[in-house]
Structure formats: C-alpha cells, structure tokens
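Okay, structure first, notes after.
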DNA sequence: ACGTGTGAACCGATTCACAGCA
DNA sequence: TGCTGTGAATCGGTTCACACGT
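Structure below.
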C-alpha cells in the first residue's frame with residue numbers, strides 16, 4: 722500500500738482533469754521538440770480551449786510544478802505528468818472487431834505518444850483470422866478468454882457491430898478487463914467497477930447538427 | 722423567425738441533454754422494430770447508464786410527452802424527438818482526409834439512423850482523388866472552397882494528420898462550415914461561434930489507463 | 001395507485017480573485 | 001512586478017422529493 726506523496730493527496734481529482742493532463746503532455750512534447758525549454762500557463766493554453774487558471778488548477782491537485790513569476794520547465798513538468806499518468810509502463814490493449822474502424826485504430830499513430838500499445842486483435846471472420854495487420858496477428862474471438870488473461874491485458878477497445886457489443890463486453894469482463902473504450906453505438910450494461918468510455922460518432926454528429934441548425 | 726412553441730421555451734437546454742436525445746431516439750427505433758408500442762422511463766433507461774429521472778427531466782425541457790401513470794407512446798415520442806433534433810431534413814456532411822480513419826467513417830453505417838449523410842470527401846493524395854469510395858467521389862482539397870458552399874454544407878469531419886488540422890479547419894470556416902467533428906489530436910483555434918467537438922482516441926484511452934491503474 | 005413532470009437541493013467542475021514567492 | 005497556486009464564488013448539470021393527472 723506504499724505510494725508516493727503525490728498519489729496520497731486526498732483531494733478528489735476531477736475526471737476532466739485527468740483527460741486534460743494527457744493533452745498537456747502531448748503539447749509539452751511538441752514544444753520540447755520545437756526546442757522550447759520553458760513555458761507559461763498562458764502559452765500552453767493557447768493550444769487548448771481552456772484558461773490558464775484551469776491549467777494551473779489541474780496541476781495543483783498533484784502539487785506545485787512551476788516557479789512563481791517564471792513559468793514551467795518543460796522537462797520537469799513532462800516527467801511529472803508522465804509519472805502521474807503512469808506512462809513509464811507501456812499499457813497493453815486488446816481490440817475486438819477488425820472491421821474498417823478496427824483496422825484504422827490498429828494503424829492509428831497517435832497511441833505512441835502515451836505508450837499505449839494495441840498488442841492483440843480478435844475477430845470472427847475466418848478470412849481475417851491468422852493474418853497479420855500492422856504487425857498484430859488477428860486471433861479468433863474464441864481465444865480471447867485465454868490470451869487476454871495470459872498477457873495480463875486490462876484495457877480493451879470494442880469495434881464490433883452494435884448487436885454483439887454487450888456479449889463481447891461481458892466476455893471481456895470475465896477476462897478481467899477493467900476498462901473499455903466502446904465504439905459500438907449502444908450503452909454497455911456492466912458491473913459498475915468496470916470503466917467504460919463511449920465514443921459514439923453518430924450521436925456526436927447529430928448533436929452538432931442540432932446545434933448548428935438552432936444557431 | 723416563426724418557431725413552434727416548444728422551440729420557444731426559454732429555459733436553457735443542457736448540452737448533455739441534446740446528446741442524450743439522440744440516444745433515446747436510437748433506442749426507441751430499436752424497440753419499435755421489436756414490436757413495442759409503449760415504454761416507461763424506467764425501461765428505456767435500462768439501456769443507458771442514467772436514471773429514469775434524468776430521462777424525464779431531459780424531455781421536460783421540450784414539454785410533456787408521456788402520460789402520467791402510464792408511460793410513453795413510442796411513435797409519438799420518436800416523432801417528437803425527431804422534430805426536436807431536426808431529423809426531418811437530411812444533414813449533409815463533408816469529410817476531409819480519406820486515410821484509414823476517414824474511409825472507415827465513409828463506410829460507417831451508424832449515421833443512417835439520424836439521416837446524417839456524408840456527401841463529399843476531400844484528400845490531397847493524387848492516388849485517391851477522382852476515385853469513388855462508398856459511392857462518394859473523392860475530390861482534391863483545392864476544390865473544397867467551391868464545393869462546400871455550393872452544396873450548402875454546414876458540418877464537416879476532420880480526419881487529416883494533426884499538423885494539417887488547423888489549416889484545414891480555417892479553410893472550412895471560410896467555406897461557412899458551422900460545426901466540426903475533429904478527429905485530429907490537436908485543439909482547433911477557431912472563432913468561438915464555430916462549434917467543435919473533439920474525438921481524441923488516444924487521450925480517451927490514456928484516461929482509461931490512468932483510472933484502471935489507480936483502482 | 002402508478003408513473004410522469006418539475007422545482008429545490010445538491011454536487012462536481014470551472015472561474016474568480018487574490019495570496020505567495022521568485 | 002509577474003506568474004504561479006489555491007480557497008471562495010459561481011455555474012451547469014444531476015439527483016431528490018413530491019405534486020399532478022389518469
């Protein structure tokens with residue numbers, strides 16, 4: 722149960738803060754690459770639609786990371802954020818459903834920044850099983866319950882058609898998956914300790930369409 | 722400026738409510754297909770991770786749509802929701818960037834429910850321009866500023882690499898696009914009247930990875 | 001009696017206003 | 001002085017508790 726001081730801080734951390742920490746880290750990496758050494762809260766938030774106060778408050782949940790009157794050292798801040806987010810360890814991810822969307826995600830370059838690695842892929846299509854895409858061998862879904870626990874994978878992406886998503890999700894839970902990124906347009910009914918994030922592209926677009934027409 | 726009574730209601734409607742309305746409609750369509758005529762708030766929310774009160778409050782922004790002590794007629798409720806969301810008109814959408822993710826979206830079946838229609842596609846790759854995918858002819862990005870206003874398109878999806886997203890977004894604004902669904906992992910800096918929704922798959926996964934490891 | 005509809009209380013997250021330190 | 005760090009005020013949204021209509 723030993724933890725470092727920062728993780729012991731008792732104040733509850735808003736979910737939205739966590740999501741922004743990864744955005745901060747991505748920007749810091751780009752700024753570093755561009756040769757920058759230091760940055761102000763007002764500079765970093767130019768790349769985000771938030772205020773400098775928001776940024777500073779987000780960091781304040783984890784302690785002080787800047788110099789008053791000066792700003793933030795990019796290396797120091799980046800490594801703090803990497804520690805908070807746990808990026809020192811690669812996160813292994815499974816993906817279920819290698820259709821068009823699934824294979825787009827297999828090839829998605831943006832996971833690299835965060836050391837997120839899709840390391841196994843499953844499908845039911847006999848034409849795909851056994852083939853290797855993007856360096857990942859596609860396995861039969863029936864092997865999921867063996868492979869996922871064996872590789873100690875805790876996070877999965879669901880890109881199967883809506884009608885199979887619930888069933889797949891339950892199977893994933895039985896494999897001891899703790900977090901699911903769900904692209905199927907259904908809400909999953911799972912034990913409440915399982916973390917689910919839905920990416921519902923149609924409803925996002927529909928919401929935009931509504932708001933555009935009302936303005 | 723004439724509008725029907727429901728749209729005139731002055732109470733401000735939460736953004737999250739709008740997003741849920743489309744989820745309700747999708748479920749109602751499925752229930753209708755399954756032969757159901759009526760539904761209770763407690764039934765519909767079994768398919769969503771929200772409470773019946775949330776559902777009823779969402780509807781209450783637009784007026785009363787159920788019968789007290791009885792529940793909701795599915796046809797009536799569906800057509801109310803379709804009216805609110807403006808689904809009687811097809812929404813035309815442009816997509817910019819026909820890489821793996823862009824072509825997955827071109828083929829995505831889930832837009833049909835909401836009469837969202839991707840009706841033009843743009844890319845810079847000479848190997849793709851002029852080809853027809855999923856019934857849509859891929860055009861050169863240089864034609865964007867002509868085609869989008871001509872077709873009176875107000876919503877666009879950005880699936881270009883991060884480094885081009887800002888430039889493309891600005892060009893879209895000059896085409897009188899009002900809403901953007903952005904899949905590039907950067908925040909777009911645009912006039913505040915332009916509606917932007919970001920879908921950042923890496924940061925969603927990173928957030929899950931954080932939360933999984935902290936539990 | 002039963003399920004809807006809704007103001008009031010509550011909660012989480014953002015914004016404000018300013019204290020603190022280089 | 002300038003920018004960070006942070007309690008206090010505020011805001012948007014959810015949950016509660018109950019009045020209402022059938």
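Protein chains in written order, with our numbering: chain A, 722 to 936; chain B, 722 to 936. Where is the CB? At the ideal position from N, CA and C, for every residue including glycine. Keep in mind the model is a prediction, meaning the values are calculated, not measured.
Query	Result
When you check each C-beta in the region 780 to 806 of chain A against every C-beta of chain B, which residues fall closer than 7 Å?	806
In angstroms with no decimal places, state the Cα-to-Cα distance between residue 825(A) and residue 899(A).	23 Å
So residue 869(B) packs on residue 894(B), CB below 8 Å; how close in whole Å?	That belief does not hold up - the Cβ atoms of residue 869(B) and residue 894(B) are roughly 11 Å apart, past 8 Å.
Does residue 920(B) come out as helix, strand or coil in the three-state DSSP assignment?	coil
In terms of residues, what are the limits of the alpha helix (DSSP H) holding residue 813(B)?	Residue 813(B) -> not in any alpha helix (DSSP H); beta strand (DSSP E) instead, spanning 812 to 817.
Check for me: the beta strand (DSSP E) holding residue 755(A) runs from which residue to which?	Note, residue 755(A): premise wrong, no beta strand (DSSP E); not H, not E.
Decide if residue 787(B) is buried, meaning its Cβ has at least 16 other Cβ atoms within 10 Å, or exposed.	buried
Does residue 729(A) have its Cβ less than 8 Å from a Cβ in chain B?	Its pLDDT being 36, under 50, residue 729(A) is placed unreliably by the model, and the measurement read from it follows with that caveat. False, the Cβ-Cβ gap to chain B never drops below 8 Å.
Who are the near neighbours of residue 752(B) in its chain, counting only those whose CB is closer than 7 Å to its CB and skipping five residues on each side?	760, 795
Relative to the alpha-carbon of residue 743(B), which residue among 923(A), 855(A), 837(A) has its alpha-carbon at the smallest distance?	923(A)
Looking at the C-beta of residue 809(B), does it have a partner C-beta in chain A at a distance below 8 Å?	no
Closest by CA to residue 927(B), which one among 815(A), 892(A), 835(A)?	835(A)
Nearest to residue 989(A) by CA position, among 846(A), 886(A), 932(A), 872(A), is which residue?	Given a span of 722 to 936 for chain A in the structure shown, any question on residue 989(A) remains unanswerable.
Could one say the Cβ of residue 774(B) lies closer than 8 Å to chain A's Cβ atoms, at least one of them?	no
Would you kindly check if the distance between the Cβ of residue 902(A) and the Cβ of residue 878(A) is under 8 Å?	yes
Taking 6 Å as the limit between beta carbons, can you name the residues of its chain near residue 762(A), skipping five residues before and five after?	773, 776, 777
Helix, strand or coil, according to DSSP, for residue 724(B) in the structure here?	Note that residue 724(B) scores a pLDDT of 31, beneath 50, so its modelled location is shaky; the value from the coordinates is reported in the next line. Here residue 724(B) sits in coil by DSSP.
Assign residue 735(A) to buried or exposed, taking buried as 16 or more other Cβ atoms, counted over all protein chains shown, within 10 Å of its Cβ.	exposed
Using the C-alpha atoms, what's the distance from residue 797(A) back to residue 939(A)?	No information on residue 939(A) is available, as it lies outside the stretch 722 to 936 that chain A covers here.
What are the residues of the region 747 to 762 of chain A that lie near chain B, defined by any Cβ-Cβ distance shorter than 8 Å?	747
Using a beta-carbon distance cut-off of less than 7 Å, what residues from the region 908 to 927 of chain B approach chain A?	908, 916, 918, 920, 922, 923, 924, 925, 926, 927
For a test of the three-state rule: what should DSSP assign to residue 908(B), helix, strand or coil?	coil
Could you list which residues in chain A have their beta carbon closer than 7 Å to that of residue 825(B), in chain order?	821, 822, 825
So for residue 788(A), helix, strand or coil by DSSP?	strand
Look up residue 903(B) in the DSSP assignment and say whether it is helix, strand or coil.	strand
Ignore the nearest five residues each way along the sequence and tell me which others in residue 886(A)'s own chain have a CB closer than 7 Å to its CB.	879, 903, 905, 907, 909
Is there a Cβ of chain B sitting closer than 8 Å to that of residue 865(A), yes or no?	no
Look at the Cβ atom of residue 933(B), then the Cβ atom of residue 876(A), and state whether they are nearer than 8 Å.	yes
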